[in-house]
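Chains as they are written, first to last, in this note's numbering: chain A, 629 to 1138; chain B, -18 to 208. The beta-carbon is built from N, C-alpha and C at its ideal position, and this holds for glycine as well. Being a predicted model, the structure only gives us computed values, none of them experimental.
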Amino acid sequence: MTRRADPGGQGAAAQSIPRKTTTHLLPNLFRTTAFKLTAVYLVIFALFAGFVLGYVAWNARRLLDDQIRSTIDAEIQGLAEQQRQGGIRRLVNVIERRSRGPGASLYLVTTPVGERLAGNVEAVPPGALDRPGESEIEYARSVDTVETPSRAIVRVFVLPAGFRLLVGRDVEERERLGVVIRRAAGWSLLLVFVLGCFASWFVARRVLKRVDGMTDTAQSIMAGDLKGRLSISGTGDELDRLALNLNAMLDRIGELMAGMQQVSDNIAHDLKTPLTRLRNRAEEALRTAKSPDELRAALDGSIDEADNLIRVFNALLMIARLETGRIQDSMDALDLSEIVSGMAELYEPLAEEVGLSLVTEVAPELHVSGNRELLGQALANLIDNALKYGQPVEAGAATVVVSAAPVGSEIELVVADHGPGVPEADRGRVLERFVRLDQSRSKPGFGLGLALAAGVVRLHGGQLRLEDNAPGLRVVISLPQAQPKPVDMHEGGALPASTAQPNPAGLQSA
Amino acid sequence: MRLLIVEDDAEAAAYLTKAFREAGHVADHAADGLEGYAMAEGGGYDVLVVDRMLPRLDGLSLIRSLREQNDVTPALILSALAQVDDRVKGLRAGGDDYLPKPYAFSELLARVEVLSRRRAAPASEPTTYRVGDLALDRLAHRVARGEEEIPLQPREFRLLEYLMKHAGQVVTRTMLLENVWDYHFDPQTNVIDVHVSRLRAKVDKGFEHPMIHTIRGAGYMVRDTAR
C-alpha cells in the first residue's frame, strides 16, 4: 500500500476560515463602527449648528425690531408735537419734507375718511389705518410696486379731528439678515457633512486598516502560528492598548499550553511507572516462577496493579471532567450534614483500625446545591488522606476531626488531623495532579485525591484551602449555602445517616 | 441461569460467554443492538448484560424498547462511560444495574447473580431472614443467633440485612457501598472490609460455624456451613 501525501492538510485548514480582505471596503464601510460614529456625530453637529444659527437669527431679529420700534416712537412723538403746534398743515409740510430725505422712514397722513394728504406710502392694506397702534403690514411706496409690496413695521396714530398719521420703517434689513443667516446655515450644514464624510473616511481607513491587520494576525494564530503577535503602532491609543492586552492574553495562553504540556508529560510519566511495574512483575514471573502457585500469585499481583491503573485513569478522567464543569444538570438540593455524618460513619471503623479516633462535629440542616456522589467522594478522599497521613507527631492527639458548620453565607467543612501536615510552600502544589510530597511516597496512593477533591469543590462554586492545624493539616472547604430543599418523601436512596431505620426500598434496588 | 450478552466487541463477548459458562450458567451472545433486541424479545433469559455502545441500536434504547413492551427482564449495563450522570441515565432508561468498564469478572458475576435471584424471588420480601441459626427480623430490627440476641448498630444491621437477603450469593464491596451507604464510587481502601470484620466480630465470634465468609478476590457471602 502506498502512502498518500496529504495535499489538503495545511491549505484546507487555512481555507476553512473565511478571509476578509480590504477589497470590499465600501460595502463594509456602512457596517463599520467608524461609519456609525460619524453618522451620529454628523447629526449632533448639524443640530448644534442649527441651534446656534437659529438663536442668533432670533435675537438679531428681535434687536432690529426693537430698534425700529424706538425710531418710530421717537418720530411719532416729534410729529405729534408739530401737529399740536402748527396744526395739520404744518404736519403735512414736515412730512412732505421728511419723506424726500434719503433713507426716510415711511409716512402717511390721511383724512378721517382715508384720503391721502401727504407721505411716501402709496398703498396700505385696507383697514390698516383703522387700527391705532403698532402692527406689521405690507405696503407699496409707489403705484408701480403695488404688485410687489414690501413689509414694514408701522404705527398708526389718530390725530385730533380723526386724521390718521402712519409712521413706519421698512424691515428689508431684517429680511436681508434672514437671508444671510439661512445661507450661513446652508453652508455650515454642507461643511459639517463634508467634514463628517471626510472624518469618517479617514477614521475608517486608519482604524479599519489596523483592525483588519489584527484580524489577519488572529487568523494566522488560529491557523497554527502560535508565536504570532499583534503589531503595536506605538501611539498608545485604544487600539494599541487592545493589542497589548490581546498579546498579553496570547502569552498567557501560551504559558497555559506549556503548563498543559507539562501536566500531560507528568501524567505520561506517572502512568508509565505502574505500567512498568506491571510489566516487570509479569516478566519476572515468566522467568522465575516454578510452581502454578507462584504463577498465580504473580497474576494476582498483576491484576492488582492493573486495577490501580484503572483507578488512576478513572480519577484522571473525573478530574478532567470536573475541570470542564459540565455537571450542572446533575446538581440537587442536598443536606451536607447527611453526607458528612455518613462519610464519617463509613470511615470510623477504619480510623479505629489505624489507631486514630474520628471525631465528628456536624451542625444539622446544612443545605447545599450539589452532587451527592461527588461531594461524598471528595470528602472520602480527604478523610482517607487524614487517616493515611494523620498519625500524630509528638504532642499531637490521635484524632481526626471532621466538622461542618455554617459560617456566614457559606458552609465550612473541615477535615483536620495532627499528623506532620503540609509545609506552607507546598500547600498550593499538593492540590495538583500527581503531586506527592517526599514523606508520603512510602504510602500507597497516586497523588490524585486532593486534586479530585479540589476539582469537586471548585465545581460546586466553593473553595478548598489547606491550613496549619498546629500541628497537622486542616483542609477547609467552603461551599455556598443553598435554600433548603422542599420535603420529598419519595426521593429514593439517600437516607440520613442518623436514621436508624433500615430502608427496605433501598435494599430492593440492588 | 440463562444469560444474554449483547456486546459488539467479539473478544470481550467470547471472554464473557466462556467465563459465565465456567461459572455454570447458560450464556448466549448477540453482536449488535437489533439482534440483541430480537433475542431478548424471544424471552427466556434471566438476565441481560448489555453494552452501552452498540451498532444499529444502542444499549439504552434496547432496554427502553424492552421496557415499553413490559419486558422486565433484569438488565445490567456495561459501559466505558463511568461518570456520575451516565449511571443515572442508564438506570433511568430502565437498566437495573450499571457497571463501568473495565470491571473484574467476579464483580460482574456477583451482580448478575443478584439480579437473577431478584427475578426469581417472591414479590413480597419475608419479614425475617434466616440463615442457619442466624435470624434477622426486619420489622423488629432484631438479630439473633439461636437463642442469643445480638445487638447491632443501625448500619451494621443494614449491612447484615443486605448480606442475608443475598445469602448464598457473593456480594462485592462496591455492591455493599452502593446498597448500604448509597454511594457508587470505588471505595479504594479497605473501608468496607473493616465494617464487615466488625460485623463478623459480633455475629460469628464465639460460634462454632461462621456465617460471614470472605470470598477471595470477590467479596463476601453469608452461608450456613453447619450442614
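- Contacts between proline 83 of chain B and chain A, judged by CB atoms closer than 7 angstroms, involve Ile938 in chain order.
- At a C-beta separation below 7 angstroms, leucine 974 of chain A has these neighbours in chain B: Trp162, Val172.
- Distance check between histidine 165 of chain B and each of A:Gln1005, A:Gly1089, A:Leu927 places A:Gln1005 closest, using alpha-carbon atoms only.
- Interface criterion not met: the Cβ of glutamate 922 of chain A is under 7 angstroms from no Cβ in chain B.
- Of all residues in the region 22 to 44 of chain B, none has a C-beta nearer than 8 angstroms to a C-beta of chain A.
- Beta-bridge annotation (DSSP): glycine 796 of chain A is paired with A:Leu734, A:Val782.
- Contact between the region 926 to 945 of chain A and the region 1093 to 1110 of chain A is not established, with fewer than three Cβ pairs separated by less than 8 angstroms.
- Here aspartate 865 of chain A is exposed. Its C-beta has fewer than 16 other C-beta atoms within 10 Å.
- Secondary structure in the region 1014 to 1075 of chain A: the beta strand (DSSP E) runs of 3 residues or longer, each lying completely within the stretch, are 1027 to 1035, 1038 to 1044 in chain order.
- Between glycine 76 of chain B and leucine 57 of chain B, the alpha-carbon positions lie close to 6 angstroms from each other.
- When DSSP states are grouped into helix, strand and coil, arginine 204 of chain B belongs to the coil group.
- Glycine 742 of chain A places its beta carbon 7 angstroms or farther from that of isoleucine 723 of chain A.
- Contact between alanine 91 of chain B and valine 177 of chain B is absent: CB atoms are separated by about 15 angstroms, not below the 8 angstroms threshold.
- With contacts defined as CB atoms closer than 7 angstroms, alanine 943 of chain A and leucine 1078 of chain A fail to qualify as a contacting pair.
- Judged by DSSP in its simplified three-state form, histidine 995 of chain A adopts strand.
- Scanning the region 105 to 157 of chain B from its first residue to its last, the whole alpha helix (DSSP H) runs of 4-plus residues come out as 135 to 146, 154 to 157.
- Among the residues of chain A, those whose CB is under 7 angstroms from the CB of arginine 179 of chain B are Pro977, following chain order.
- Leucine 38 of chain B places its beta carbon 7 angstroms or farther from that of glycine 23 of chain B.
- If you compare the alpha carbons of B:Asp66, B:Ala(-6), B:Gly127, B:Tyr110 with that of leucine 29 of chain B, the shortest gap goes to B:Ala(-6).
- In summary, alanine 1098 of chain A is exposed, with fewer than 16 beta-carbon neighbours lying within 10 Å of its beta-carbon over all protein chains present.
- CA-CA distance, tyrosine 767 of chain A to alanine 732 of chain A, rounds to 15 angstroms.
- Residues of chain A whose Cβ lies closer than 7 angstroms to the Cβ of arginine 136 of chain B are, in chain order, Glu973.
- Membership of serine 985 of chain A in any alpha helix (DSSP H) is not indicated; the residue belongs instead to the beta strand (DSSP E) covering 985 to 990.
- Taking a cut-off of 8 angstroms for Cβ pairs, the region 1081 to 1092 of chain A and the region 987 to 1002 of chain A touch, as three or more such pairs fall below it.
- Below the 7 angstroms Cβ cutoff, chain B contributes Phe166 as neighbours of glutamine 1005 of chain A, in chain order.
- If you check each beta-carbon in the region 1012 to 1037 of chain A against every beta-carbon of chain B, the ones closer than 7 angstroms belong to Asp1012.
- Around the beta carbon of alanine 1014 of chain A, 16 or more other beta carbons sit within 10 angstroms, so the residue counts as buried.
- Within chain A, Pro977 have C-beta atoms less than 7 angstroms from the C-beta of histidine 176 of chain B, given in sequence order.
- According to the DSSP assignment, glycine 747 of chain A belongs to no alpha helix (DSSP H) but to the beta strand (DSSP E) extending over 744 to 747.
- Look at glutamate 1001 of chain A: its C-beta is under 7 angstroms from a C-beta on chain B.
- Under the rule that a run must span 3 or more residues, no beta strand (DSSP E) segment is found entirely inside the region 883 to 935 of chain A.
- Asn942, Leu945, Met946, Arg949, Ile955: these are the residues of the region 941 to 955 of chain A whose beta carbon lies less than 8 angstroms from some beta carbon of chain B, given in chain order.
- Contact annotation for glycine 970 of chain A against chain B: Trp162 [CB-CB distance below 7 angstroms, chain order].
- Looking at the DSSP output, serine 763 of chain A sits in a beta bridge with A:Val782.
- Taken in chain order, the members of the region 140 to 153 of chain B whose beta-carbon sits within less than 7 angstroms of a beta-carbon on chain A are Glu142, Tyr143, Lys146.
- Per the coordinates, the alpha-carbon of arginine 712 of chain A lies some 13 angstroms from the alpha-carbon of phenylalanine 785 of chain A.
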